[in-house]
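Participant: Numbering (the numbering used here), first residue to last: 168 to 761.
Virtual Cβ for every residue (Gly too), placed ideally from N, Cα, C.
Below you'll find the structure I mean.
In structure tokens form, the structure reads like this:
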């Protein structure tokens, strides 16, 4: 069915042929939703292609985009790819030093930014990038060339040179360079070919049932391969792509768009759940009783009616009385949420599935374009606590030390300008070493247990898997974020960011006075409550892996703060360095006591 699709730009022509959508892309412009048909999408992309050729851009040239999600991103993306040039997306949140490193490493010729703030960042390092010829913008900025000028350059040109170049683009050609921020060291440019990403989109079709005319809301960064691959998949399936204004407007945008599908990271789902629970706590009487009766049922949910007829009868009542309102909060039409980028707490999967909000957890890396496995409701394809079955054409094996190895058409070409790093990642037999630890369970389901590089050893020689502890601890309503530490120390400890909204409500109920976040975490009653929480959460873990001490932090881990990568993973080395004083307080004070 999809044999004609071998290059990324083929997806738009496939949609025009199979599902000539009147709404292929949509975004809020000047307070109104602006819709672009698939024909307008293609016309804009071809205008960009002609303009780039007029500017002297050649196949293989690198063009960087630093932007929020918007239809113009798609026009530029397809326009770049059609002439055999290479799209180099850069996270808007990356620092100027990363901008400079990436642009020089890739020898970027053109940069397109979305707004004046990003233009200012690029301007400060522009002179340090010899290859950079011009900077354009999506938003109008005084003194800066607008992206439409590229399109206008080729408005009187024939489209034949574009068509000739399209015909010469090979599926194995480099399509994009995506620089992974990593948790340590300099960014690495992951080389992904057209075939890498196309094969991943096609092989995910059966796991991501979404029919032509359905609506997707996109808000995760399209510069990341996770959202970007799904954008191509949506296009392939004839799904309308609606771009949210920002992460802050998601709830409002959902009420307008009423999406059928969207992607999310566990952190977002955790926040949604916590807000729902907080609203439940504000109820009283029978309403409050029914709310938490439904939540308790949901937390014990198992798919496919495993819990028996009596449970199934109760869950039907809960769905009608309580969970239907949860769906309304997400627009009312949500059929599927794809969750990735980090581990999803099983309790969240259970309660959302119970509410008929089908959260499907998957797994992958930038280097695998990205999906390796994903859960799917069909064919009894959901096992809570796993990341699903392996997708077609992809092979997985577990190394003797537990590391997950992957082989398939989705595995990257290598790291740009880094043959040594490529050789470390892809062995002589073509297996990509993910750095994740896992196992195959049940009927072919992949389960992730930890990051190989993040597992550490205490001074007593015991191995600690921090993610397992962290995922359990984040089940607490008191805990927003946590980093488990203790490499080469006597025992694990933790840096904990409280869920301040919930903590402040608790403080008000218990007469605890404070003036700021910094103040509240010093209150003896609060420290005692967290001590109690940690003791309860430690149960079920071996004595050697339990968190023995902790420190509370007054502000969240963040990308600007340096503790998180752009995909919201903990940068453990940076955290250890930033909070060295607290780590010293935890462990060195023990030495003094001893």
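Put residue 633 into one of helix, strand or coil per three-state DSSP.
Facilitator: Looking at residue 633 - three-state DSSP - the assignment turns out to be helix.
Participant: Going by beta carbon distance, what residues of the same chain come within less than 7 Å of residue 192, once the five residues before and after it are set aside?
Facilitator: So the list reads 203, 208, 238, 241 and 408, once near-sequence residues are dropped.
Participant: Measuring alpha carbon to alpha carbon, tell me which of 488, 753, 566 and 481 ends up nearest residue 453.
Facilitator: The residue with the shortest Cα to Cα distance from residue 453 is 488.
Participant: Please go through the same chain and pick out, in chain order, the residues whose beta-carbon is closer than 6 Å to the beta-carbon of residue 649, but skip the five residues on each side of it.
Facilitator: Correct list, in chain order: 637, 640, 661 and 663.
Participant: May I ask which residues mark the beginning and end of the alpha helix (DSSP H) holding residue 420?
Facilitator: Residues 417 to 424.
Participant: Would a C-beta distance cut-off of 8 Å place residue 493 and residue 443 closer than the cut-off?
Facilitator: Yes, they are a contact pair.
Participant: Determine, using beta carbons only, whether residue 560 and residue 576 come nearer to each other than 8 Å.
Facilitator: Going by C-beta atoms, residue 560 is nearer than 8 Å to residue 576.
Participant: Where does residue 682 land, buried or exposed, given buried means 16+ other C-beta within 10 angstroms?
Facilitator: Answer is exposed; the Cβ neighbour count stays below 16.
Participant: Within the segment 649 to 685, note down every full beta strand (DSSP E) run reaching 3 residues or more, in order along the chain.
Facilitator: Entirely contained in the segment 649 to 685, the beta strand (DSSP E) runs reaching 3 residues are, in chain order, 660 to 665.
Participant: With distances taken from CA atoms, which of 275, 214, 306 and 260 is nearest residue 245?
Facilitator: It is 214.
Participant: Would you kindly work out how many angstroms separate the C-alpha atoms of residue 426 and residue 385, rounded to a whole number?
Facilitator: Spanning the two alpha carbons is a distance of roughly 9 Å.
Participant: Does DSSP put residue 395 in a helix, in a strand, or in coil?
Facilitator: Looking at residue 395 - three-state DSSP - the assignment turns out to be helix.
Participant: Measure the alpha-carbon distance for residue 557 versus residue 676 and round it to whole angstroms.
Facilitator: When rounded, the distance between both Cα atoms is 48 Å.
Participant: Going by other Cβ atoms of all chains shown within 10 Å of its Cβ, with 16 needed for buried, is residue 707 buried or exposed?
Facilitator: Counting Cβ neighbours within 10 Å, residue 707 comes out exposed, since fewer than 16 surround it.
Participant: For the alpha helix (DSSP H) containing residue 283, list its first residue and its last residue.
Facilitator: Element bounds for residue 283: 283 to 292.
Participant: For residue 451, count neighbouring Cβ atoms within 10 angstroms of its own Cβ and tell me buried if that reaches 16, exposed if not.
Facilitator: Answer is exposed; the Cβ neighbour count stays below 16.
Participant: Between residue 275 and residue 289, how many whole angstroms is the CB-CB distance? I'm expecting something under 8 Å.
Facilitator: Not a contact, Cβ separation roughly 10 Å.
Participant: Check each candidate in 460, 499, 511 and 465 and name the one with the smallest Cα separation from residue 437.
Facilitator: The shortest Cα separation from residue 437 among 460, 499, 511 and 465 belongs to 511.
Participant: So what does residue 600 bridge to, in DSSP terms?
Facilitator: DSSP output for residue 600 lists 572 as bridge partner(s).
Participant: In the DSSP output, what is residue 193 paired with across the bridge?
Facilitator: Beta-bridge pairing links residue 193 to 202 and 409.
Participant: CB residue 718 to CB residue 685, shorter than 8 Å?
Facilitator: For residue 718 and residue 685, no; Cβs fall outside 8 Å.
Participant: Under 8 Å between the Cβ atoms of residue 509 and residue 397?
Facilitator: No; because the gap between Cβ atoms is not below 8 Å, this pair is not in contact.
Participant: Which of helix, strand or coil does DSSP assign to residue 642?
Facilitator: Reduced to three states, the DSSP call for residue 642 is coil.
Participant: Label residue 515 either buried or exposed according to how many other C-beta atoms from any shown protein chain fall within 10 Å of its C-beta, with 16 as the threshold for buried.
Facilitator: Answer is buried; the Cβ neighbour count reaches 16.
Participant: Looking only at its own chain, which residues have a Cβ that is under 6 Å from the Cβ of residue 522, when we skip the five neighbours before and after it?
Facilitator: 490 and 493.
Participant: Taking the beta carbon of residue 630 as the centre, do at least 16 other beta carbons fall within 10 Å, making it buried, or is it exposed?
Facilitator: Flag for residue 630 reads exposed.
Participant: I'd like to confirm the pairing. Which residues does DSSP put opposite residue 256 in its beta bridges?
Facilitator: The partner list for residue 256 (beta bridge, DSSP) reads 232.
Participant: State buried or exposed for residue 762, treating a residue as buried only when at least 16 other CB atoms are found within 10 Å of its CB.
Facilitator: Since the first and last residues shown for the chain are 168 and 761, residue 762 lies out of range.
Participant: Can you list, in chain order, the residues of its chain whose CB lies under 8 Å from that of residue 725, leaving out five sequence neighbours each side?
Facilitator: Closer than 8 Å at the Cβ level, and outside the excluded window around residue 725, lie 731.
Participant: Please report the residue range of the alpha helix (DSSP H) in which residue 707 lies.
Facilitator: No alpha helix (DSSP H) contains residue 707, which DSSP labels as neither H nor E.
Participant: Considering only their Cβ atoms, is the gap separating residue 466 from residue 418 smaller than 8 Å?
Facilitator: No, they are not a contact pair.
Participant: Check for me: the beta strand (DSSP E) holding residue 311 runs from which residue to which?
Facilitator: Counting along the chain, residue 311 falls outside any beta strand (DSSP E), and DSSP gives it neither H nor E.
Participant: Can the beta-carbon of residue 186 be found less than 8 Å from the beta-carbon of residue 269?
Facilitator: Not in contact: residue 186 and residue 269 (Cβ atoms no closer than 8 Å).
Participant: Ordered along the chain, which non-local residues of its own chain (more than five positions away) have a Cβ less than 8 Å from that of residue 299?
Facilitator: These residues qualify, in order along the chain: 270, 275, 276, 277, 278 and 293.
Participant: Take every Cβ of the segment 606 to 615, pair it with every Cβ of the segment 541 to 555, and state whether three or more of those distances are shorter than 8 Å.
Facilitator: As far as the Cβ criterion goes, the segment 606 to 615 touches the segment 541 to 555, which means the pair count is three or higher.
Participant: Only counting the same chain, and skipping five residues up and downstream in sequence, which positions put a Cβ closer than 8 Å to that of residue 667?
Facilitator: Cβ within range, chain order: 647, 684 and 687.
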